[in-house]
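There are 4 protein chains.
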Amino acid sequence: MFFASDNTSGVPAEIMAALTRANEGYARSYGADDIMARVTARIRSLFDAPEAAVHLVATGTAANALALATLTPPWGAIFCHRHAHIAEDECGAPEFFAGGAKLALIDGPHGKITPAALTEALATTGASGVHGVQRGALSLTNVTEAGTTYTPAEIAALTAIAKTHNLPCHLDGARFANALVATGATPAEMTWKAGIDALSFGGTKNGLLGVEAVILFDPAKSWELELRRKRGGHLFSKHRFLSAQVEAYLTDDLWLRLATHANAMGQRLSQGIAAMNSAALTHPTHANMVFANWEPGGHARLQGGGAIYYDLRPKEGRETARMVASWNTTDDHVDRFLALLKG
Amino acid sequence: MFFASDNTSGVPAEIMAALTRANEGYARSYGADDIMARVTARIRSLFDAPEAAVHLVATGTAANALALATLTPPWGAIFCHRHAHIAEDECGAPEFFAGGAKLALIDGPHGKITPAALTEALATTGASGVHGVQRGALSLTNVTEAGTTYTPAEIAALTAIAKTHNLPCHLDGARFANALVATGATPAEMTWKAGIDALSFGGTKNGLLGVEAVILFDPAKSWELELRRKRGGHLFSKHRFLSAQVEAYLTDDLWLRLATHANAMGQRLSQGIAAMNSAALTHPTHANMVFANWEPGGHARLQGGGAIYYDLRPKEGRETARMVASWNTTDDHVDRFLALLKG
Amino acid sequence: MFFASDNTSGVPAEIMAALTRANEGYARSYGADDIMARVTARIRSLFDAPEAAVHLVATGTAANALALATLTPPWGAIFCHRHAHIAEDECGAPEFFAGGAKLALIDGPHGKITPAALTEALATTGASGVHGVQRGALSLTNVTEAGTTYTPAEIAALTAIAKTHNLPCHLDGARFANALVATGATPAEMTWKAGIDALSFGGTKNGLLGVEAVILFDPAKSWELELRRKRGGHLFSKHRFLSAQVEAYLTDDLWLRLATHANAMGQRLSQGIAAMNSAALTHPTHANMVFANWEPGGHARLQGGGAIYYDLRPKEGRETARMVASWNTTDDHVDRFLALLKG
Amino acid sequence: MFFASDNTSGVPAEIMAALTRANEGYARSYGADDIMARVTARIRSLFDAPEAAVHLVATGTAANALALATLTPPWGAIFCHRHAHIAEDECGAPEFFAGGAKLALIDGPHGKITPAALTEALATTGASGVHGVQRGALSLTNVTEAGTTYTPAEIAALTAIAKTHNLPCHLDGARFANALVATGATPAEMTWKAGIDALSFGGTKNGLLGVEAVILFDPAKSWELELRRKRGGHLFSKHRFLSAQVEAYLTDDLWLRLATHANAMGQRLSQGIAAMNSAALTHPTHANMVFANWEPGGHARLQGGGAIYYDLRPKEGRETARMVASWNTTDDHVDRFLALLKG
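Residue numbers (the numbering used here), protein chains in the order written: chain A, 1 to 343; chain B, 344 to 686; chain C, 687 to 1029; chain D, 1030 to 1372.
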């Protein structure tokens, strides 16, 4: 019963098979492998973005930090939700890669930024001329850190506000596949058609060993990102092993099938919790992440029974927790978890 | 006939098998996997360094830059050979990770720093009080960028000089296994017993998909390096896939067997070239890298025949080149290369 | 009627005279001037801190950023009030000098951090291990950006909380003299006796051309700060002209006399506003800064009459403003301002 | 007999008088003072550059580092002479401000870069694609660190080479006035007409308390430099005191008169040394800096007699030294120095 994170799962057989195939013979290094050429073409087609630049890295933090550093000058404020991964879980990587940029944190229910809150943040940050940092970029996350999703229309509403200040817009899509499945949107609808300029297109949490793609829909800064990737130590010599994973991921809709399963497991867990008197959801469950609280004693029963998940700070006398379902979570895992919680 | 770099080869079957094994079930993420505990113990034993801190990353640039940033303040000069990888091939990663540090470049024949040159460099850099950068660290490379090796005694002579200024000493061991095989030294003799404080222990060039270990023989700065790794986007969530590679690499001396083969292929190539009238070695061949020049026309014959390698800047009417043998280079590849070159 | 800032005033005659005296003959450069030796001794005596390190710079932003960078690693969070000068008015200088550090913003009424808010901030930032930034330093401001002051006891309460996490504590004293005069505290009471480790001891706003002293009560990091100052371009060659200003500033209590006058003018203005029906103070006036709002029309009368001050964002139908009195503000200026506002 | 540096002198009476005048009344802060508007107009006129952007800072290191950071991305190599001030005397400020940029050091006799050496450096740095740093900027120094000067034609020859790689060109003019006087060139001829894009226009060494102007001949990056200046802590609140110095400096050719005197004193000293059998110049004396060596014993006589200067590393049995004449050096000082040296 591993619900700590979707990154505690391994990878499906298709991915291991792709690695084995890619291991044959010699290949040019540093991104010049033949597989990468196919990956770029595939992603462009998938996103209906024939000019997009695609760069692979191995971690979500690298993808986000490199993308943001490319979009924002060192004196730029990156507007994001207070609980965004870039704000809370990357040990200051965006600040480091962007040469000392500042995150301007925006509150909002269930992990989402509202148009009003963004408008207010833009009115107060970057309004004092040379004395304060300037408005730099907007960074959204979908699926959010609270397990909710933005629809394309919601994203478009936020990027439209940002673009009144000419801000580039980034989407942290560590769980991009889960967001697409949850909303029914196409890749293009969720990104450039909604005003997104750069996407961290996640793979690791959804079944890869460790690959994320940075996609720049306007390729003008592709070479800059390439240099930042190398300089950040994120350009792989045996790059074919990254390319191969992504190629398999995007073949026969593997990525969407994995996310569909994970989301379904998240829903099963969420509905089970919602049906209990002693427990309650603390955020709506839009994808594969479930946030809940319950009466004291739940942690003891769950952890005593072998369930692994994050217990968060207790609040108002209730134990609280985050559970994440994965591409290989089973009905049985979910049901055993629910049984333990029910007690 | 791929001699462009040892990173154009894939990985041996033992490594793929280890990945497949590691893929079973769930594992704690971010370095807390069980395999990593075994890897740390194994490396400590191998280096006879029971306190050493071990951190895995995926690229050599990351290993070097993180190690150096941990050893050196932003105002420290990193003394290294003019043609060191950190100077020429990392797009300024050490400067970036170390917050704007400076590399103090030292000339020396065949990629090696001499004690006299190091002494002179230390006398002139860091001697002007607050006005200039301070002496920060020494970084050596073994195997060097010219394909030569330092013996443990040579390394000890250089670190002893550095330590008269209390400088920490780093060894870029992207080809550490090749250096050990070439010199017959033990891991301990080549590192902490010779005054090395931090090692970039390479795996990728010698048969891994992409893993290097940063080893701090004094673990006092281990937590700092851990934070720098995370902040640099180099902490893998599915870390078990790095650990598993290193575990297999160090099992049954696989790493030394791979390097032994690569070095033997390098020698075969080197000796073949040395025996030709029309060609000559430009550096001694101590390991798996061969540097040579030859009469005009060689490039055309070789490349026309399918040989892949680096052609360097021509000099004094001679074509010059770098060839690197790998763990999977065959006698046949070498002999066909030599036949083409001979013409 | 210049109330825009205390930095729109020039300097008193004593300071110009000191510059003229210092201009005689030759002097060693870069801080080795004889006057600086006397300044250091004087400050140590004044603060009852015989070991303190003293470094002069020309701007408050430089003083704050250099001090904080010396106290905090790049992955450290600097805890400060949401409206601190370092957060809003330095264009990201602390982030830049500290290599990408993060400011953790704390809300609090009237520009002051409360113990409860600090405790809560420390509980949530730096609590996620390697994933988040670490707790780095506490930075307080006295006089605050809202014109209020902390008493030594209030500062001590906050630093005591910070020190439960071993955090170094910085005081932005751009208006340090005003704070001392307002509270009646001694320099030692307001700083190291209250747990402050580093002070930005302001001079510019209180009558100097442009000098601030960074004082480290523990001199262990003095050399590091020295290097950061040089590297930041903040080490003056003709340093005697900085030293001379500070020497004159501290002679015959000039600095306290200037601040006493400025505070008195602030009180006169504040009391005049408080007595009007149409206007109200928005923060208590503890020193020389006055914050108020008033009925619409006030700006037009004041600015039409030649008053210079900051008009802030209007709120709830009221015009709002910041007025700062200076060492050379006159009763007449204040009274004319009040007459215009009254209408 | 102060020949340690031109920065051990104070300032002429005209400058003190200007400060006193500027001290009257109130002035807008942060560069919005009326004097600055006149300074900008005056500099544009002087350089025949009606669009140039002018920014004042207080130190030469700040001027150089801010200019270079504005011209160069973090992954850019700054080509400069091995002994340039930015390389040896700024504690890594360019690397810091430019986010970890690298200096590519070029050797050359008497402090000057030759076209051949620059061509060679450009051929080897920036030629390895994404792996190495890119070509970033050229930085020249006039008067050089060896006391020699470039003519406008020599500068034009170097910038023409740099511009074949589209590199922006910077001139460190800490002793710009001395260079103009020595060569007879106009400000325009020495700068933008010779391909210079950004100038550090020195004042401090030639009679100011501490002011340098950064001049961008193409103002497109003026706002970026403005933000970098603020963020670097180099924007003065009481900016009028910088403006006033520059205004006086440029009035009635004061700056050229001061430099003319300093250069004449340098020549007097240089010729006196050249005439001795026991001493010799080690670089030609083009301006106010004199480099010489002499038989052992000279240091003892000179320093025993009260002469202050830099004694450099002895070489080949000769004592070596640097002497700098200033705007207020007297014939008597020079003659006494020569008498002591002669012994």
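In this text, a Cβ means the ideal position worked out from N, Cα and C, and glycines have one as well. Keep in mind it's a predicted model, so treat the numbers as computed, not measured.
- For the segment 892-909 of chain C, the beta-carbon criterion of a distance under 9 Å to any beta-carbon of chain B is satisfied by 909.
- Listed along the chain, the chain A residues whose CB falls inside 9 Å of the CB of residue 697 of chain C amount to none; the nearest CB is some 22 Å away.
- Nearest to residue 420 of chain B by alpha-carbon distance, out of D/1108, D/1092, D/1122 and D/1330, is D/1122.
- One Cα belongs to residue 1129 of chain D, the other to residue 883 of chain C, and the distance between them is close to 30 Å.
- Closer than 9 Å at the C-beta level to chain B, one finds these residues of the segment 230-252 of chain A: 230, 231, 232, 233, 234, 235, 236, 237, 238, 239, 240, 241 and 242.
- Using a Cβ-Cβ cut-off of 7 Å, residue 99 of chain A counts as an interface residue toward chain D, since at least one Cβ of chain D sits closer than that to its own.
- In the structure shown, residue 1336 of chain D falls within a coil segment according to DSSP collapsed to helix, strand and coil.
- The continuous stretches of beta strand (DSSP E) do not include residue 1259 of chain D, which lies in the alpha helix (DSSP H) extending over residues 1251-1260.
- Taken through DSSP and simplified to helix, strand or coil, residue 1282 of chain D comes out as helix.
- Setting aside the 5 residues that flank it on each side, residue 241 of chain A is surrounded in the same chain by 19 and 22, each with a C-beta closer than 7 Å to its C-beta; the list follows chain order.
- Around residue 23 of chain A, the beta-carbon contacts reaching into chain B at under 7 Å are 353, 354 and 359.
- With distances taken between CA atoms, residue 755 of chain C lies nearest to D/1262 out of D/1313, D/1262, D/1335 and D/1350.
- Take residue 314 of chain A, set aside five residues on each side of it, and the residues of its chain with a beta-carbon closer than 7 Å to its own are 320, in chain order.
- Along the segment 1121-1147 of chain D, the positions whose C-beta sits under 9 Å from a C-beta of chain B are 1121, 1122, 1123, 1124, 1125, 1126, 1127, 1128, 1129, 1130, 1131, 1132 and 1134, read in chain order.
- Taking a Cβ-Cβ cut-off of 8 Å, the neighbours of residue 473 of chain B in chain D comprise 1120, given in sequence order.
- For residue 102 of chain A, the enclosing beta strand (DSSP E) has its first and last residue at 102-106.
- Around the beta carbon of residue 50 of chain A, fewer than 16 other beta carbons sit within 10 angstroms, so the residue counts as exposed.
- Contact between the segment 971-978 of chain C and the segment 942-959 of chain C is present: three or more C-beta pairs spanning the two stretches fall below 8 Å.
- Going by beta carbons, residue 934 of chain C and residue 701 of chain C fall inside the 7 Å limit.
- Cβ-Cβ distances below 8 Å link residue 1285 of chain D to 1206, 1209 and 1210 in the same chain, with the five nearest sequence neighbours on each side left out; the list follows chain order.
- Of the candidates B/676, B/637, B/671 and B/638, the residue whose Cα lies closest to the Cα of residue 651 of chain B is B/676.
- In the DSSP assignment, the residues bridged to residue 294 of chain A are A/279 and A/319.
- Just measuring C-alpha positions, the residue of C/716, C/698 and C/731 sitting nearest residue 873 of chain C is C/731.
- If you check the CB distance, residue 204 of chain A and residue 183 of chain A do not come in under 7 Å.
- Minimum Cα-Cα distance from residue 661 of chain B among the listed residues B/673, B/681 and B/624 corresponds to B/624.
- By the Cβ neighbour-count rule, residue 1002 of chain C is exposed, with fewer than 16 other Cβ atoms within 10 Å of its own.
- Proximity of chain D to residue 476 of chain B at the Cβ level (cut-off 8 Å) is accounted for by 1120 and 1121, in chain order.
- Here residue 54 of chain A has 39, 40, 43, 213 and 215 as same chain residues with Cβ atoms under 7 Å from its own Cβ, once five neighbours each way along the sequence are excluded.
- Pairing residue 925 of chain C with residue 719 of chain C gives a Cβ-Cβ distance under 7 Å.
- For residue 1163 of chain D, the beta-bridge partners assigned by DSSP are D/1105.
- The beta carbon of residue 65 of chain A is closer than 6 Å to those of 93, 94 and 97 in its chain, skipping five residues each way along the sequence.
- Looking at the DSSP output, residue 1170 of chain D sits in a beta bridge with D/1201.
- For residue 1142 of chain D, there is no enclosing beta strand (DSSP E), since its DSSP letter is neither H nor E.
- When 8 Å is used as the limit between beta carbons, residue 774 of chain C is near these residues of chain A: 128, 131 and 132, in chain order.
- Collapsing the DSSP output to three states places residue 289 of chain A in a strand.
- Short of 6 Å from the beta carbon of residue 400 of chain B, and not among the five residues preceding or following it, lie these beta carbons of its own chain, in chain order: 406, 555 and 577.
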